[in-house]
Every structure is written in C-alpha cells, then in structure tokens.
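To get the working numbering, take the position in the sequence shown, counting from 1, and add 1424.
Where a beta carbon is used, it is the ideal one built from N, C-alpha and C, also for glycine.
Here the structure is a predicted model, which means the values were calculated and not measured.
Only one structure is covered here, and it is reproduced in the block below.
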Amino acid sequence: MTQPDINTQNTVRIDGKQYEVDSLPDVAKISIEHLVAIDKEVQRLEMARAGFAQAIKAIMDGDDAPDPIGAAEGTEPPVPSPTSDVPPLKVVPTSEK
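Given below as structure tokens:
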C-alpha cells in the first residue's frame, strides 16, 4: 500500500488528533509533505535492504560460500541504543471526512 499524498487528503492525524489540512499553517503542510516523502523513501530503502540481505543469504547457503572464520554461528553485533528518549511525532495523513 502506498502512502497517501497530502494534496489528495482533507484531514491529517497529528499525535492522535485530527485536523483539517486546509486549517494548518503552510509550514506544517510543507513539513507533512516532506514526512510523507521521507516515509516513502524509508519504505523503498527497507525493501532494497531486505532484497540484498536475501541475496546474501542465498549466496552464503550455496555451494560456493566461503568457510566462516572464528565467529560463533548466529552471533550478531550489538544494537546501538537510541540517542534520544523523546518519542517521535506521529503524523498520519488520512482520508476520513
């Protein structure tokens, strides 16, 4: 499912509250358009990443895969902790009237 375009929607939900798009200041409308574009790009990059990860796995499961060196099977590097304790702002364009 594709992200809705702010120009085709008449409402937007910001942190759980519904607003008429026409009532928002221009800077908010522009910012929402940028957020929607960023969300689309993130989704595209996540799909690309998943495809490359799947390709690597297929290669490494094949006959031509090199032998591993010294690392324990199934180990992964530690995941860095978030840099901020501030929850992200949720902005969801909607088509509700």
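Can residue i and residue j be called in contact, C-beta distance under 8 angstroms?
i	j	result
residue 1443	residue 1451	no
residue 1474	residue 1483	no
residue 1453	residue 1460	no
Should residue i go down as buried or exposed, given a rule of 16 or more other Cβ atoms within 10 Å for buried?
i	result
residue 1456	buried
residue 1491	exposed
residue 1479	exposed
For this session: Counting only runs of 4+ residues fully inside the region 1434 to 1504, write out the alpha helix (DSSP H) ranges in chain order.
Result: 1450 to 1484
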